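Below is one structure, written out as structure tokens; comments come after it.
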Amino acid sequence: MITANRLNSVQEYYFSRKLREVRELMAQGKPIINMGIGSPDLAPSPEVLTTLRDSITDAGAHQYQSYQGLPELRAAIAAFYQQKFGVSIDSANGVLPLMGSKEGIMHISMAFLNVGDEVLLPNPGYPTYGSVTRLVEAVPRTYDLSEENGWFPDLEALSKEDLSKVKLMWVSYPHMPTGATATMEQLKSLIEFAKANDILLVNDNPYSFVLSSNPTSILSIEGALDCTLELNSLSKTFNMAGWRVGMVLGSPENINAVLKVKSNMDSGMFYGIQKGAIAALQSGPEWFAELDKVYTKRRKLMFQLADKLGCEYSEDAVGMFVWCKLPEGAPSSEAFVDEVLYDKNIFIAPGTIFGSNGEGYIRFSLCVKEEKIKEAIERF
Numbered sequence: 001m002i003t004a005n006r007l008n009s010v011q012e013y014y015f016s017r018k019l020r021e022v023r024e025l026m027a028q029g030k031p032i033i034n035m036g037i038g039s040p041d042l043a044p045s046p047e048v049l050t051t052l053r054d055s056i057t058d059a060g061a062h063q064y065q066s067y068q069g070l071p072e073l074r075a076a077i078a079a080f081y082q083q084k085f086g087v088s089i090d091s092a093n094g095v096l097p098l099m100g101s102k103e104g105i106m107h108i109s110m111a112f113l114n115v116g117d118e119v120l121l122p123n124p125g126y127p128t129y130g131s132v133t134r135l136v137e138a139v140p141r142t143y144d145l146s147e148e149n150g151w152f153p154d155l156e157a158l159s160k161e162d163l164s165k166v167k168l169m170w171v172s173y174p175h176m177p178t179g180a181t182a183t184m185e186q187l188k189s190l191i192e193f194a195k196a197n198d199i200l201l202v203n204d205n206p207y208s209f210v211l212s213s214n215p216t217s218i219l220s221i222e223g224a225l226d227c228t229l230e231l232n233s234l235s236k237t238f239n240m241a242g243w244r245v246g247m248v249l250g251s252p253e254n255i256n257a258v259l260k261v262k263s264n265m266d267s268g269m270f271y272g273i274q275k276g277a278i279a280a281l282q283s284g285p286e287w288f289a290e291l292d293k294v295y296t297k298r299r300k301l302m303f304q305l306a307d308k309l310g311c312e313y314s315e316d317a318v319g320m321f322v323w324c325k326l327p328e329g330a331p332s333s334e335a336f337v338d339e340v341l342y343d344k345n346i347f348i349a350p351g352t353i354f355g356s357n358g359e360g361y362i363r364f365s366l367c368v369k370e371e372k373i374k375e376a377i378e379r380f
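Going by UniProt numbering, the sequence shown opens with residue 1, and the numbers climb by one from there.
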């Protein structure tokens with residue numbers, strides 16, 4: 001059977017391929033320490049787990065659920081955004097729960113992109129933006145991010161280009177993979193840029209509550225709803241990656257467009273997961289403080305490991321990764337990563353999987369227990 005032409009535009013996800021190699025090395029008895037993947041190793045709160053357990057005996061818990069999610073889940077998302085970001089949004093029409101925010105990347109792309117439309121993608125940035133763009137037969141068009149510019153786009157230079165075919169622009173602040181943040185003025189400039197060029201701006205925002213002293217949503221900027229969607233997720237903030245709970249927020253018109261796609265592709269998420277998500281969103285300040293306490297300890301150790309490798313890094317970056325610049329004279333990112341993997345049995349993500357501007361960088365995940373980070377340090 002001949003596969004669809006669209007599959008020729010994408011390759012197997014790097015981590016899918018590389019982790020197969022890592023598992024093979026582990027099967028050979030190699031003591032691999034995996035520092036490449038941002039999959040939280042911590043558990044959700046006891047309240048979340050108890051809520052999930054207790055909910056499975058509720059009437060209707062095992063039936064199909066609404067495509068729009070439980071009304072109380074949408075209300076909890078809206079309340080969370082009001083409390084944490086100062087964003088007022090209509091829970092009935094401005095919020096759509098998703099089975100993971102990654103799902104939302106595809107839904108948004110299918111809802112707004114026609115064949116041949118151009119999409120602005122960050123370089124470096126999350127690889128899925130580009131692969132989904134290709135799968136829906138739109139045209140990826142990268143914009144450069146650099147350390148010198150704080151990993152923020154040069155909007156003045158972009159404005160001088162022909163943007164007539166650009167329909168959508170992906171941004172991610174706090175930025176993945178670098179952990180860079182954007183000021184309110186910078187976020188405002190993104191909205192002004194999008195409005196001036198009739199572009200739908202989508203901010204992917206799952207890292208605001210990991211090692212961040214100032215959680216920010218682009219939707220808090222006046223006028224943002226006119227041209228902006230924001231994706232968020234419970235995966236990182238509440239250690240619920242495998243639960244697949246995400247959300248998209250925006251104007252009723254834009255949310256309805258996404259719903260048209262979602263309702264034809266899947267069903268609502270499991271009732272018990274939705275109830276657990278509500279409990280998570282209602283977590284008190286002690287939850288966030290304890291999470292940061294754990295990640296702060298791990299990050300300090302990861303800085304020590306980076307120092308051992310002669311790498312440079314920003315201590316101000318947020319999120320659950322440490323983005324490091326390789327020392328002068330080091331081999332390419334992928335060669336460096338392979339050298340460490342085969343010599344020290346430590347797997348690190350090469351910066352190049354996030355785009356060509358990731359060359360010369362590597363990324364450590366903080367989803368590694370302290371004793372394993374200490375063991376990695378001792379291997380050097």
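Ideal Cβ placement from N, Cα and C applies to all residues, glycine included. Here the structure is a predicted model, which is why all the values come from computation and not from measurement.
Length of the line joining the Cα atoms of residue i and residue j
i: Val-202; j: Gln-28; result: 43 Å
i: Ala-280; j: Pro-44; result: 8 Å
i: Arg-128; j: Lys-102; result: Note that residue 128 is Thr in the sequence shown, not Arg. Their backbone Cα atoms lie some 8 Å apart in a straight line.
i: Asp-58; j: Phe-238; result: 24 Å
i: Glu-47; j: Leu-291; result: 15 Å
i: Val-136; j: Phe-80; result: 32 Å
i: Lys-236; j: Ser-39; result: 8 Å
i: Glu-185; j: Lys-260; result: 34 Å
i: Gly-250; j: Gly-355; result: 28 Å
i: Glu-286; j: Val-115; result: 47 Å
i: Asn-5; j: Gln-11; result: 12 Å
i: Asn-205; j: Met-106; result: 16 Å
i: Asn-8; j: Gly-246; result: 29 Å
i: Cys-324; j: Tyr-143; result: 21 Å
i: Tyr-342; j: Gly-150; result: 33 Å
i: Phe-152; j: Met-176; result: 12 Å
i: Thr-228; j: Glu-375; result: 44 Å
i: Asp-338; j: Ile-373; result: 18 Å
i: Pro-124; j: Val-258; result: 26 Å
i: Tyr-295; j: Leu-211; result: 7 Å
i: Leu-222; j: Asn-254; result: Residue identity check: residue 222 is Glu in the sequence provided, not Leu. Spanning the two alpha carbons is a distance of roughly 17 Å.
i: Ser-267; j: Leu-121; result: 29 Å
i: Arg-141; j: Lys-165; result: 10 Å
i: Ala-78; j: Tyr-14; result: 35 Å
i: Lys-293; j: Thr-3; result: 48 Å
i: Leu-200; j: Glu-24; result: 43 Å
i: Lys-18; j: Glu-334; result: 11 Å
i: Met-1; j: Lys-84; result: 51 Å
i: Thr-133; j: Asp-41; result: 30 Å
i: Gly-319; j: Ser-146; result: 18 Å
i: Ser-365; j: Gly-242; result: 17 Å
i: Gly-104; j: Lys-262; result: 9 Å
i: Gln-63; j: Glu-371; result: 43 Å
i: Phe-347; j: Gly-130; result: 24 Å
Residue nearest to residue i in terms of C-alpha spacing, selected from the options
i: Phe-270; options: Gln-65, Thr-57, Ser-9 and Asn-8; result: Gln-65
i: Lys-369; options: Ile-33, Arg-6 and Val-10; result: Ile-33
i: Glu-148; options: Met-265, Ala-180 and Ser-333; result: Ala-180
i: Ala-289; options: Met-265, Cys-311 and Phe-209; result: Phe-209
i: Tyr-126; options: Gly-360, Pro-350, Glu-378 and Ser-263; result: Pro-350
i: Gly-86; options: Ile-348, Asn-214 and Ser-16; result: Asn-214
i: Ala-317; options: Tyr-173, Ala-241 and Arg-379; result: Tyr-173
i: Leu-155; options: Asn-197, Leu-19, Lys-18 and Ile-56; result: Asn-197
i: Glu-315; options: Tyr-14, Thr-178 and Glu-339; result: Thr-178
i: Met-240; options: Gly-319, Glu-222 and Ile-273; result: Ile-273
i: Asn-357; options: Trp-170, Ser-332 and Glu-371; result: Ser-332
i: Ser-189; options: Ser-164, Ile-218 and Lys-165; result: Ile-218
i: Ile-108; options: Met-169, Glu-359 and Asp-54; result: Met-169
i: Ile-37; options: Glu-359, Glu-371, Gly-360 and Ile-353; result: Ile-353
Spatial neighbours of residue i in its chain, beta-carbon cut-off 6 Å, leaving aside the 5 residues before and after
i: Ala-330; result: Phe-336
i: Gly-276; result: Val-48, Thr-51 and Leu-52
i: Asp-117; result: Ala-138 and Lys-167
i: Arg-379; result: Lys-344
i: Leu-163; result: Asn-197
i: Leu-187; result: Ile-218 and Ile-221
Sequence-distant residues of its chain with Cβ nearer than 8 Å to residue i (five each side left out)
i: Ile-278; result: Thr-51, Leu-70, Glu-72, Leu-73 and Ala-76
i: Cys-311; result: Cys-324, Lys-325, Leu-326, Pro-327 and Ile-362
i: Ser-233; result: Gly-100, Ser-101, Pro-206, Val-245, Gly-246 and Met-247
i: Ile-377; result: Leu-301, Gln-304, Leu-305 and Lys-308
i: Tyr-313; result: Phe-303, Ala-306, Val-322, Trp-323, Cys-324 and Lys-325
i: Pro-252; result: Asp-90, Asn-93 and Gly-94
Residues near residue i by beta carbon distance below 7 Å, same chain, minus five either side
i: Gln-82; result: Ser-88
i: Gln-282; result: Ala-76
i: Met-26; result: Ile-32
The ligand GTP heavy atom lying under 7 Å from the CB of residue i
i: Val-115; result: Although the ligand GTP was asked about, the structure shown includes no ligands whatsoever.
At a cut of 8 Å, does the stretch 186–200 reach the stretch 148–160 through at least three beta carbon pairs? yes
Ordered list of alpha helix (DSSP H) runs contained in the stretch 109–141, each at least 4 residues: 127–135
Hey, is the stretch 92–112 in contact with the stretch 300–310, meaning 3+ C-beta pairs nearer than 8 Å? no
Segments assigned beta strand (DSSP E), at least 3 residues, entirely inside the stretch 302–375: 321–325 and 361–365
Those runs of the beta strand (DSSP E) which lie wholly inside the stretch 149–179 and span at least 3 residues: 166–171
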